[in-house]
Amino acid sequence: MKSDYLIIFNGVIKPVGGQAGYIYNLRTSDYFTIISKKEQLIKKSVIKLFLKRILPTIFIEYLGNIKQKNKFLNEFENYKTFYIQNIDSLRRSKTIHFHETKALYYFYLFDKNLAKSKILLLTSHNPVPTYIELFDRLISIGVNKDISNLIKSKQLKMDVEAFKLANYIVFPNSGAVNPYKTFFFENNIIINDKFKYILTGTEYLKPKILKYKYREKYKIKEDIIVFGYIGRKNKIKGFDLFCECIDYFKENKNVFFVSAGTGDIKYEGNSLRYLDIGWTDDPASFLESLDVLLVPNMDTYFDLGVIQALSLGINIITTETGGNLWFKDKEIVHLVNPNIRSLVNFISKYLDYSDIQYSKLNIINKFNKYFDTEVFAENYFKLYKSLKQ
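In this text, residue positions in the sequence shown follow the numbering used here: the first is 644, and each later residue adds one.
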């Protein structure tokens, strides 16, 4: 029965990155039940986003420093309320799939006996254990270091306990486990027979603006090769390497670089062949305007942005790290070592030899084979049916 298999998320699912977007791509399936926050709460999220844009950064940092500690240390009550609201579904289900370590941890605190009677699955969506990424984010927005360390230590406890409590840990592929191996070893997390693998799926991206119109809007020439970057601008995502590529090719009149997103790193060079458009609410049109997407991650979980770009048939150059190892020998993305020399050497080769480019048709056909949402949902259903407590 559909109610036997439950995916639960204490947030609003929507077509973005992370857990919200991942679960959004499963929402139409009849194989299982998805419980999340109600759609009307989106309005609240939009208001918050609007305020973040119009308020000065320094004020946002001040608010973060004041509120983060209480927000984090008291959030169990928020999860408890969410679980109470959905208690009937939780009791009916045989399998419950969590997409945050703290969600599973708080569920166990909420009702240990109920938790012990279920098959608990956990998927983490971070390229590194959550406590590491959370600490870095808190520091980057100006939260006091002592408060950040306090929050980090509690998150570490939740990460460790959640992975121990889970009956099964779901990763997109075996390579995506690599960033977690040290964490599992150092915290004595026994993982024998716990791992299950389900490739991430996604809907086709639908550009709002035609490629030539988008380039026209930003005064990017039609006859040059455009390399792009989209997402968080930080070191683990490799934006610093992207910036080095801009400088390396700044005298090449046949190329142009463009980026979209926000983050800790800014391009500090003087190239006239680069444009940053900042945050975008139309990633599909941005990606459609590119010839090549650069994803120079230093380490990789399994990048949803890469999979979404494949739905458009775009050539992608990314690093041979973590979850990206799955792409090896698939002839769907171009893999390089995670350093600037390998990256610029391959870009130079790509510019000189058109025969190494993958055809748009080839990329889209392989996207359909591996990452279509129907395939995604069917793989999950097969997994859920096969599990034993």
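We put the CB at the ideal spot given by N, CA and C, even for glycine.
Please read these numbers as outputs of a predicted model, since none were measured by experiment.
Whose C-beta lies closer than 6 Å to the C-beta of residue i among residues of the same chain, with five residues either side of it excluded?
| i | result |
| --- | --- |
| His-740 | Ile-650 and Leu-764 |
| Asp-907 | Ser-783 and Asn-877 |
| Tyr-891 | Val-987 |
| Ala-663 | Gly-654, Ile-656 and Lys-657 |
| Thr-923 | Ala-903 and Phe-929 |
| Phe-945 | Pro-815, Ala-819, Thr-843 and Gly-966 |
| Glu-887 | Ile-983 |
| Pro-699 | A caution first: Pro-699 carries a pLDDT of 47, below 50, which makes its placement in the model unreliable, though a value can still be read off. Result list for Pro-699: empty, nothing under 6 Å. |
Just reading off the alpha helix (DSSP H) that residue i is part of, what are its end residues?
| i | result |
| --- | --- |
| Lys-1028 | 1016-1029 |
| Thr-845 | It is not in any alpha helix (DSSP H) - Thr-845 carries neither H nor E in the DSSP assignment. |
| Ala-952 | 947-953 |
| Lys-973 | Unbroken run through Lys-973: none, as it is neither H nor E. |
| Asp-995 | 983-995 |
| Asp-883 | 882-891 |
| Asn-721 | 719-728 |
| Thr-825 | 824-829 |
| Asn-1011 | 1003-1013 |
| Lys-745 | 744-753 |
In the DSSP output, what is residue i paired with across the bridge?
| i | result |
| --- | --- |
| Leu-918 | Val-901 |
| Thr-738 | Tyr-648 and Ile-762 |
| Phe-623 | Since the displayed the chain opens at 644 and closes at 1032, residue 623 lies outside it and no answer follows. |
| Thr-676 | Leu-649 |
| Val-938 | Thr-961 |
| Gly-906 | Lys-876 |
Going by DSSP, what residue range makes up the beta strand (DSSP E) through residue i?
| i | result |
| --- | --- |
| Val-803 | Segment 788-808 is the alpha helix (DSSP H) holding Val-803; no beta strand (DSSP E) there. |
| Val-869 | 868-873 |
| Leu-978 | 977-979 |
Please check the pair residue i and residue j, which I expect to be a contact at CB under 8 Å, by giving their CB distance rounded to whole angstroms.
| i | j | result |
| --- | --- | --- |
| Asn-721 | Ile-678 | That pair is no contact at about 15 Å. |
| Gly-881 | Phe-929 | Not a contact, Cβ separation roughly 18 Å. |
| Tyr-648 | Tyr-665 | About 16 Å separates the two Cβ atoms, so there is no contact after all. |
| Leu-799 | Tyr-774 | 4 Å |
| Gly-948 | Gly-660 | 7 Å |
| Pro-770 | Asp-919 | Actually they do not touch by this definition, with Cβ atoms about 22 Å apart. |
| Ile-983 | Leu-884 | 6 Å |
| Arg-875 | Ser-932 | The pair is not a contact, with the Cβ atoms about 20 Å apart (cut-off 8 Å). |
Keeping to the same chain, check which residues put their C-beta closer than 7 Å to that of residue i; ignore five residues upstream and five downstream.
| i | result |
| --- | --- |
| Gln-1032 | Ile-762 and Asn-810 |
| Ser-672 | Ala-1020 |
| Ile-701 | Note that Ile-701 has pLDDT 46, beneath the 50 cutoff, so the model's placement of it is unreliable and no number is given. |
| Gln-683 | With a pLDDT of only 46 at Gln-683, under the threshold of 50, the placement of this residue in the model should not be trusted; the figure read from the coordinates follows. Nothing meets the Cβ criterion. |
| Phe-725 | Asn-653 |
Excluding the five sequence neighbours on either side, which residues of its own chain have a C-beta within less than 8 Å of the C-beta of residue i, listed in chain order?
| i | result |
| --- | --- |
| Asp-925 | Pro-850, Lys-851 and Ile-852 |
| Ile-832 | Val-803, Phe-806, Lys-807 and Phe-826 |
| Phe-1014 | Leu-842, Thr-843, Gly-844, Thr-845, Ile-950, Leu-953 and Ser-954 |
| Gln-1000 | Asn-958 and Tyr-993 |
| Glu-963 | Lys-971, Leu-978, Val-979, Asn-980 and Pro-981 |
| Ser-736 | Ser-646, Asp-647, Tyr-648, Leu-649, Thr-676 and Lys-761 |
| Ile-889 | Phe-900, Tyr-910, Gly-912, Ser-914, Arg-916 and Tyr-917 |
Tell me, please, whether the CB atom of residue i is closer than 8 Å to any CB atom in chain B?
| i | result |
| --- | --- |
| Ala-809 | Absent here is chain B; the protein component of the structure consists of one chain. |
With a threshold of 8 Å, are at least 3 pairs of Cβ atoms found where one atom belongs to the segment 806-816 and the other to the segment 743-752?
A contact exists between the segment 806-816 and the segment 743-752.
Tell me whether the segment 890-900 and the segment 984-998 touch, counting them as touching only if at least three CB pairs, one residue from each stretch, are closer than 8 Å.
yes
Would you check if there are 3 or more beta carbon pairs closer than 8 Å linking the segment 957-968 to the segment 935-943?
Contact holds: three or more Cβ-Cβ distances are below 8 Å.
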